[in-house]
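Novice:
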Amino acid sequence: MLSRSGKWSNSQTYRENIPGHPECLCASDQLGLKKSIVGAIIRKWKTYKTTDNLPRSGASRKISPRGVKMITRTVSKNPRTTRGELVNDLQRAGTKVTKPTISNTLRRQGLKSCSARRVPLLKPIHVQAHLKFTRKHLDDPEEDWENVIWCALLKCTFLEFLSFLMRLSQSVVLRQGRGGIQKIALFDKRPSPYYGKNSLNKQRETTVHHYFKT
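Under this note's numbering, the residues of the sequence shown are numbered 8 to 221, in order.
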C-alpha cells in the first residue's frame, strides 16, 4: 500500500514491525510514518491479533475464484454456452448455484449476455443474385437508369468492381429528379474535373458510365 507521499511501499513489512513498538511516537519517528497510520495498525493488532487485511463483510462468494476462471474460459471459447450448461458444470464440480448468479458473475468479468454476434453482410446466395442482376443489365443504355435510386449499398454488393468501389465516398447526395423520384448519386473522393451549371449531371453520368464500363 502506497502512502500519499510515496515514501513507503512495502506495507506488509511495516505491519509486522510496528506491533513490536509499544510507543506510537517512537515507532512513527523510526519508520518515518504518520502517527495516525501507526496508531491504526497498533489498534488493529490489539483488536484482531493480526495486521493482515480482513475479509469483507457479508457472505462469501458462491463461486470460488477457480470456478469463475473456469466459466469465463468456457464462455470465451464458446459464446453460445447457456447458463444452464454452466450451472451443470459447476454442479458436477460440487458448487450449486442458480442462473442469476451465473449472469452476475459473468457481468463482473465483463461478459454480458445477449450480445450481438458479427455475421457476414452478404451470404453467397446474395452475391450470386447481385452478380446475375449486374450481368443482365450490363448493356442497358444510360437512359434506362434515369429513374434508378442510387445508394451507398453499391459499395458492398458488386464484389467484382471492388477496386472501383473503394474510391467512392461514404456520403451520398440527394437531388429531386423528374416524376418526383429522388436520385442518389455516388461520387468519387477525388475533386471533380467538371465545373459549372451541369457539373452534377456530368459527374453522375461519368460515374455511372465508368462503373458499368469497368
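Cβ coordinates follow ideal geometry from the N, Cα and C atoms, glycine included.
All values derive from a computational prediction rather than experimental measurement.
1) Rounded to a whole number of angstroms, what is the C-alpha to C-alpha distance between Ser83 and Asp151?
2) Under the three-state reduction of DSSP, which class applies to Thr81: helix, strand or coil?
3) Quick one: measure Cβ to Cβ for Leu97 and Gly74, integer angstroms, because I've assumed they're closer than 8 Å.
4) Taking C-beta to C-beta, are Thr58 and Ile48 nearer than 7 Å?
5) Is the beta carbon of Thr88 closer than 7 Å to that of Thr79?
6) Quick check on Ile44: buried or exposed, where buried means 16 or more other Cβ atoms within 10 Å of its Cβ?
7) Tell me the rounded alpha-carbon separation between Glu92 and Ser67.
8) If Arg90 and Lys106 are in contact, beta carbons under 8 Å, what's the gap, nearest whole angstrom?
9) Using only the alpha-carbon positions, how far apart do Arg115 and Ser71 sit?
10) In terms of residue numbering, what span does the alpha helix (DSSP H) encompassing Arg99 cover?
11) If you drop the 5 nearest sequence neighbours on each side, which residues of the same chain put their C-beta closer than 8 Å to that of Leu113?
12) So for His133, helix, strand or coil by DSSP?
13) Tell me, to the nearest whole angstrom, how far the beta carbon of Lys139 is from that of Thr108; I am working on the premise that it is less than 8 Å.
Specialist: Answer, in terms of the structure:
1) Taking the first residue of the sequence shown as 1, we reach residue 83 at position 76. Taking the first residue of the sequence shown as 1, we reach residue 151 at position 144. Going by the C-alpha atoms only, they are around 52 Å apart.
2) Counted from its first residue, the sequence shown places residue 81 at position 74. In the structure shown, Thr81 sits in a helix (DSSP, three-state: H, G or I).
3) Here residue 97 refers to the residue found at position 90 when the sequence shown is read from its first residue. Here residue 74 refers to the residue found at position 67 when the sequence shown is read from its first residue. With a contact defined as Cβ atoms closer than 8 Å, Leu97 and Gly74 qualify at about 6 Å.
4) By 1-based counting over the sequence shown, the position of residue 58 is 51. By 1-based counting over the sequence shown, the position of residue 48 is 41. Contact: yes.
5) For the purposes of this step, residue 79 is taken as the residue at position 72 of the sequence shown. For the purposes of this step, residue 88 is taken as the residue at position 81 of the sequence shown. No, the Cβ-Cβ distance between Thr79 and Thr88 is not below 7 Å.
6) Stepping through the sequence shown from its first residue, residue 44 is reached at position 37. Buried: at least 16 other Cβ atoms inside 10 Å.
7) The count along the sequence shown starts at 1 and reaches residue 92 at position 85. The count along the sequence shown starts at 1 and reaches residue 67 at position 60. Straight-line Cα distance between these residues: approximately 23 Å.
8) Here residue 90 is taken as the residue at index 83 of the sequence shown, counted from 1. Here residue 106 is taken as the residue at index 99 of the sequence shown, counted from 1. Yes, Arg90 and Lys106 are in contact; Cβ-Cβ is about 4 Å, under 8 Å.
9) For the purposes of this step, residue 115 is taken as the residue at position 108 of the sequence shown. For the purposes of this step, residue 71 is taken as the residue at position 64 of the sequence shown. When rounded, the distance between both Cα atoms is 14 Å.
10) On the sequence shown, residue 99 is found 92 positions in, with the first residue counted as 1. That run of the alpha helix (DSSP H) goes 90-99.
11) Locating residue 113 in the sequence shown gives position 106, counting from the first residue. Counting only Cβ-Cβ distances below 8 Å, and skipping sequence neighbours, we find Ile78, Thr79, Val82, Lys119, Ser120.
12) As a working note, residue 133 is residue 126 in the sequence shown. His133 falls in the helix class under three-state DSSP.
13) Here residue 139 refers to the residue found at position 132 of the sequence shown. Here residue 108 refers to the residue found at position 101 of the sequence shown. Lys139 to Thr108, Cβ: 53 Å. No contact.
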